[in-house]
Amino acid sequence: MFEKISYTARSVFLRQKMEQELDPELRFHLEMQIEENVRRGMSRADARRAALSCFGGVEQIKEECRDVSWMRLVDALWQDVRYGLRILRKNPGFTVVSVLTLALGIGANTAIFSVIYGVLLKPLPYSDGDRLVVLHQQTPRAGLDNMPFSVKEIMDYREQSQTLDAVVEHHSMAFILLGRAEAERVQTGVVSANFFDVLGVKPLLGRTFLPGDEHEGSDAVLVLSYKYWRESQGGDPNVVGRVFQMNNRPHTVVGVLPSIPQYPVESDVYMPTSHCPTRSSKGFIADRTERMMSAFGRLKPGVTVEQAQGDLSRIADNLQREYPEAYPESGGYGATLASLRDELTRRAKRTFLILLGTAGLVLLIACANVANLSVARLLRREREIAVRSALGAGRGRLMRQLLTESTLLALAGGAVGLVFAGGGLHLLKSFATRFTTRADEISIDGSVLLFTLAISIVTGIAFGLMPLLASRESAFTALKESGGRSTPGAGRQRLRSALLIAQVAVSFVLLIVAGLMLRSLMNLQSVDPGFDPENVLAMRINLNWSRYDRQQESRAFYKQLMEKVEAKPGVVSAALSSGYPLNQIGITFGPYNRDFEIQGYPAADGGTPQQAAVRTASPGYFQTLGIPIERGRAFTDSDNETAPRVAIINRSLARHRLGQEEDPTGRRISFDRGVSWLTIVGVAGDAKEYGLDLEPADEVYTSFAQDPGGGNLLVRTTSNPESFAKVLREAVYEVDPETAVDRVQTLERARSESTASPRLTAILLGLFAVLALIITAAGIAGVMNLSVSQRTHEIGVRLALGATPGKVLGMVMRQGMALVVTGLLLGSAAALALSGALSSVLFNVEPTDPVTFVAVALLLLAAAAWSCFVPARRVTSIDPMAALRSE
């Protein structure tokens, strides 16, 4: 096979040299045969005649050699390519328009495929990544689809599983890392010692964890993530061995991870379970209901996901029977698993496939447009084709030449499309980052290049065949019989009309999708969030908990900080809270729900506990955020650690649990099954805390002074809040220089970021729709221009017989717009058929929204009318006599 390919390549690129080598070689063999005949007793003249008779002639032998294997076919193809390049070079307008049109379609598909391949199709960068699974616990009747694991539960699944090679744990916590100019908050993954071994991850530098690192009393060690190493440590190759202070003890860096997707969250550093103060405590380990871990596993060789699922269900049933107090029947406890690949891409899959389908439609429109241009060009080449046919070229030979030209155009379009795709890769990576941690794996690699090559060839063949298959009769026969006239056959007229109708229909569908997404985004951005984000700055305060292990010490820190902040000029009000509306953590992970009960109001079903999101807030919280207190009062300075514990609930919880009319102030609420109670002192308005597209969650606010957990500083200012960031950061360091400050942003930016994903999706879909509209408008103009030029004689006769230019203009416009209206009707039917698939990604807009349909139809009609009018307007300047003489 290799010899054939080598010979073929030589036959194409070294043709002259081979011809030169072939001649002396054949003459050598001829002379050898002559000498052999002479030795047999022949005269030299007879010997030469006999040798030539045996060989059949040198030129004949050369021709036979040229016919060997693929040589003749390759030679013919090479001639087609050279001739095609000359023809395309002689028609620069057609070539440039076609290449750019195809580049837009192929480039869009290449760009989206690079995302699809990098995120959905590319093998995980782990050893045997297809065997990695994520375990989930569920209590569906209690509304928990992904309940974390406790240490006891992980040990049970690890010991009892018969289908998993290993079960490892992971949870994420934030600690303060000291050892640099400023204290730094690092998100820390707390994992089993064999966590990276199970994933099959080899370190970039140093090593990962050893079994001894997890033993009690072992030296504290850290492994750095690739991103943290590059961004925070400057990619220092000598970072292994460096010592940092964390949790009041030294931690030594032992390794750096490669660039891999992290799940379930991105961490800066990793530590073994024995070094986490919470995870390593004996009380936490012993309590089966202390749940905060994720669990990962690796399937044994040959085990299917279905078999492993049955194994987990068996273990879950055993646990429910053995520990009924930890797994009440009212919750419906169970365990499931999913492949790690699916978990990494679960949020991304639907959106990316929608974009791929949209890009495919753009390519379809581009193909239809270039096919129409090819039909027009084929008509202009009728004399050339007739001459070639008369000289003996068959239908197959002519089809091959035209397909070669169309494929060359498509390959050129693919090359330019690669440039377009590469230019948009950064934007697509930023977009994908919001859906999956695999975004860094998106690139224009070998697989994407092969896809581009394949789609270019298929595209070239597709739009090249369309004009040739326009009718059952031989297109070339029709051309020969045309006698030089430029009147297309009925088959090709129908084809041009069908292509134009298809372009309009597909463009209408794309414009409808983009229009619905735009309306959905506008509705989302117009939602009243329930708070006033203007001139509010938020920053996260991260205490070094090894120095603030008692609430009294943290209360003293926050009190001193608030005094300094409120004294700053330009500060209207300030507050502390465990969170704030629309922050990225809350949107990503949702509310921190806790079971609760209101005295005198048991759970509606008699068993399933009620749940609400719990947040701590200082006295100025509601004033700073502009959240109204609708009943009762807000927190005051008197609601401190020595006062009776109080709470504020939001309107949603009051409505759901107490009824619309009843005043809840004065009632008591408990989070520990009645062991301790908090008195409800007020009802706050609802705020969109976890997403503008979500209904307000049931929420309970507790006094920050009575429960100082977490720390976000919120400040309302008189002017641009970003200008206060440095001053407020310095105020924090004045109180304690070992406190880390991060996530500094305005609430207006937080609100904007909360809609970033739908906004970017709408932008991408809008770009595709605009491309489709431009290509379609250009296609309509091209078809109408060709139609007018082909009907010059007819129009001249009409004008000579007294038809006014206005009437002729109207006639041409009606014929063009009739095709457009047909395309709109078909596009409307297709858009309505897709309504079910769109409903899940829209917000407060129906997929059959009449306003969007009418607006898009008017836009497309206006663009089409202009595209029809410009060529049709030319008929008014036609000189009837000149038109008649031209025929």
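All letters in the sequence shown, in the order written, are residues 230 to 1116 by the working numbering. Glycine included, C-beta positions come from ideal geometry on N, C-alpha and C. In this text the structure is predicted, and so the values were computed from the model without any measurement.
Between Gly1008 and Ala734 a beta carbon distance of about 12 Å is seen, past the 8 Å cut, so the two are scored as non-contacting. Around the CB of Val648, fewer than 16 other CB atoms lie within 10 Å, so the residue is classed as exposed.
Ala872 carries a coil assignment under DSSP once its states are collapsed to helix, strand and coil. DSSP, reduced to helix, strand and coil, places Glu634 within a helical segment of the structure shown. DSSP assignment within the region 1037–1110 yields the following whole alpha helix (DSSP H) runs of 4 residues or more, N-terminal first: 1064–1067 and 1079–1101. Taking the C-beta atoms as reference points, Thr665 is found no nearer than 7 Å to Leu745. Following the DSSP letters along the chain, one finds Tyr830 in no beta strand (DSSP E), marked with neither H nor E. Assigned with DSSP and collapsed to three states, His885 falls in helix.
In this structure, Pro501 is the residue among Arg663, Thr975 and Pro501 with its C-alpha nearest to the C-alpha of Val419. If you look at Pro501, you'll find it in the beta strand (DSSP E) that goes Val498 to Pro501. Under DSSP, the beta-bridge partners assigned to Tyr930 are Arg844 and Ile877. Residue burial is scored here from C-beta neighbours: Trp1095 has fewer than 16 other C-beta atoms within 10 angstroms and is therefore classed as exposed. When secondary structure is reduced to three states using DSSP, Val648 falls in the helix class.
For Ser983 against Leu921, the beta-carbon gap comes to about 6 Å, under 8 Å, which counts as contact. If you check the CB distance, Gln732 and Thr1005 come in under 7 Å. DSSP places Arg748 in the helix class (H, G or I) of the three-state scheme.
Take Arg972, set aside five residues on each side of it, and the residues of its chain with a beta-carbon closer than 6 Å to its own are Arg769, in chain order.
For Glu519, the number of other beta carbons within 10 angstroms of its own is at least 16, and it is reported as buried. A distance below 7 Å between beta-carbons, with the five flanking residues on each side excluded, links Phe581 to the following residues of its chain, in chain order: Val344, Ile345, Val348 and Leu349. Unbroken beta strand (DSSP E) runs of no fewer than 3 residues, entirely contained in the region 512–584, are found at 523–528 and 563–568, following chain order.
Shown here, Ser356 sits in coil according to DSSP, grouped into three states, outside any helix or strand.
The three-state secondary structure of Leu766, taken from DSSP, is strand.
Within a 10 Å sphere around the beta-carbon of Ala1058 sit fewer than 16 other beta-carbons, which makes this residue exposed.
An exposed status is given to Cys283, since fewer than 16 other beta-carbon atoms sit within 10 Å of its beta-carbon. Looking at the backbone, the Cα of Asp546 and that of Val396 are separated by about 18 Å.
Using a Cβ distance threshold of 7 Å, Ser685 and Ala1001 do not count as a contacting pair. The residues Asp892, Thr894, Gly911 and Val912, in chain order, have a CB closer than 7 Å to that of Arg860 in the same chain once the five nearest residues on each side in sequence are set aside.
In the structure shown, Ser899 falls within a strand segment according to DSSP collapsed to helix, strand and coil. Of the residues Met475, Asn476 and Arg459, the one whose Cα lies closest to the Cα of Val468 is Arg459. With a minimum length of 3 residues, the unbroken runs of beta strand (DSSP E) contained wholly in the region 456–495 fall at 472–475 and 478–485. Taking all protein chains shown into account, Tyr562 has 16 or more neighbouring C-beta atoms within 10 Å of its C-beta and is therefore buried. For the set Ala916, Gly313, Thr946 and Val1037, the Cα lying nearest the Cα of Arg1103 is the one of Val1037. In this structure Val1099 is exposed. Its beta-carbon is surrounded by fewer than 16 other beta-carbon atoms within 10 angstroms. The DSSP-derived three-state label of Ala639 is helix.
Straight-line spacing of the CA atoms in Val604 and Ser618 works out to 18 Å. For Val756, same chain residues with a beta-carbon under 6 Å away, outside a window of 5 residues either side, are Leu921 in chain order.
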